[in-house]
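Q:
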Amino acid sequence: MKQWKLPLILENNVAFHHRPSEAQLPVPATLVHLADIIVNGLGIGTSGEKYVPPLDYEAWENLKLSPSMFETIIGQALHQFNSLKSILHE
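Whatever position you read off the sequence shown (first residue = 1), add 48 for the numbering used here.
(1) To the nearest whole angstrom, what separates the beta carbons of Phe64 and Ala77, a pair I think is in contact under 8 Å?
(2) Output the boundary residues of the alpha helix (DSSP H) element that contains Leu79.
(3) For Asn88, I'd like the list of residues in its chain whose CB is within less than 7 Å of its CB, leaving aside the five on either flank, ordered along the chain.
(4) Return the Cβ separation of Glu106 and Ser69 in integer angstroms, given the expectation that the two are a contact with Cβ distance under 8 Å.
(5) I'd like the list of long-range same chain contacts for Arg67, defined as Cβ closer than 7 Å, with 5 residues on each side in sequence excluded.
(6) Do Ile92 and Phe129 count as a contact pair if the criterion is CB distance below 7 Å?
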C-alpha cells in the first residue's frame, strides 16, 4: 500500500481488518472487517480464505450498533452489490 502511495488510513484498515480492535483507528478498520465477513459469508467475494472470518466482538461493540442491525447491513450490502453487478454486466 505504501508503494501505491495510498493514504495511511487505508493501510491501517487493510492491515487490521482481521483484528480491528487493535487498530490505531478501530472504527474504519471495523467497517472493512464487517465487509470482509459479509462478502465471504454471502459467497460474493473472498481473499483466499476457506472460511468466513470470525467477528471481532470488541470491534463490533465499538460501533455501538445493535446486533439486529446486522441483518439490515447485509440487506443493504446485497442491494448495492446487485446494483453494481447489473451496471457492470450491461
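Quick reminder that beta carbons are idealized off the backbone N, C-alpha and C, glycines included.
A: Considering the structure as presented:
(1) Contact between Phe64 and Ala77 holds: their C-beta atoms lie close to 4 Å from each other, under 8 Å.
(2) For Leu79, the enclosing alpha helix (DSSP H) stretches over residues 74-90.
(3) Excluding sequence neighbours, Asn88 sits near Thr94, Glu97, Val100, Pro101.
(4) Rounded to the nearest angstrom, the Cβ distance from Glu106 to Ser69 is 4 Å, consistent with a contact under 8 Å.
(5) So the list reads Asp104, once near-sequence residues are dropped.
(6) When the beta-carbon positions are compared, Phe129 and Ile92 come within less than 7 Å of each other.
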